[in-house]
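Only one structure is covered here, and it is reproduced in the block below.
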Amino acid sequence: MRAADAPDGSVTLSMSQAEATVLHELIAFAEFANDLTSIEPERPVEQKVLSDVQQALAPLIRGLGTEGYGAALDRAFAAIDPGPFGTDHGPPDRAP
Numbered sequence: 007m008r009a010a011d012a013p014d015g016s017v018t019l020s021m022s023q024a025e026a027t028v029l030h031e032l033i034a035f036a037e038f039a040n041d042l043t044s045i046e047p048e049r050p051v052e053q054k055v056l057s058d059v060q061q062a063l064a065p066l067i068r069g070l071g072t073e074g075y076g077a078a079l080d081r082a083f084a085a086i087d088p089g090p091f092g093t094d095h096g097p098p099d100r101a102p
């Protein structure tokens, strides 16, 4: 994942399709549970930004809303090395 700023004050965040899928799932699950606070934003503006990120990513997520989404999510989790965060055993059993 990479980030770059521009002279106009905007920021471009570049990530893999797998990273985008995992990020979208994390936010979508918290939003579906009506509990974006589980990601621990402290202010409504932080909840809005998380929701906006999730909505912006949605059109880019392969298989979203189809029967194939579970397999796509499994592939996304498998494609990312959790590194120092420990061993990842795939996505938790949840479906927003």
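Just add 6 to wherever you are in the sequence shown, counting from 1, and you've got the working numbering.
All C-beta atoms in this analysis are idealised placements derived from N, C-alpha and C, irrespective of residue type, glycine included.
These numbers come from a predicted model, not from an experiment.
Contacts around residue i, its chain only, beta-carbon distance under 8 angstroms, and the 5 residues preceding and following it disregarded
i: V17; result: A9, A10, D11
i: M7; result: L19, S20, M21, S22, E25
Unbroken alpha helix (DSSP H) run spanning residue i, endpoints
i: A12; result: From DSSP, A12 is part of no alpha helix (DSSP H); its letter is neither H nor E.
i: A77; result: 75-85
Residue i, buried or exposed, once every other Cβ within 10 Å from all chains shown has been counted against 16
i: V55; result: exposed
i: A26; result: buried
Proximity to residue i [Cα-Cα], best of the options
i: L63; options: A77, L32, G15; result: L32
i: Q53; options: L66, A36, P65; result: A36
Residue i - containing beta strand (DSSP E), residue span
i: L114; result: Summary: the structure shown does not reach residue 114, with the chain confined to residues 7 through 102, and so no result is reported for it.
Residue j beta carbon less than 8 angstroms from that of residue i
i: V28; j: F91; result: no
i: A34; j: Q60; result: yes
Same chain, Cβ closer than 6 angstroms to residue i, five either side skipped, listed in chain order
i: S22; result: none
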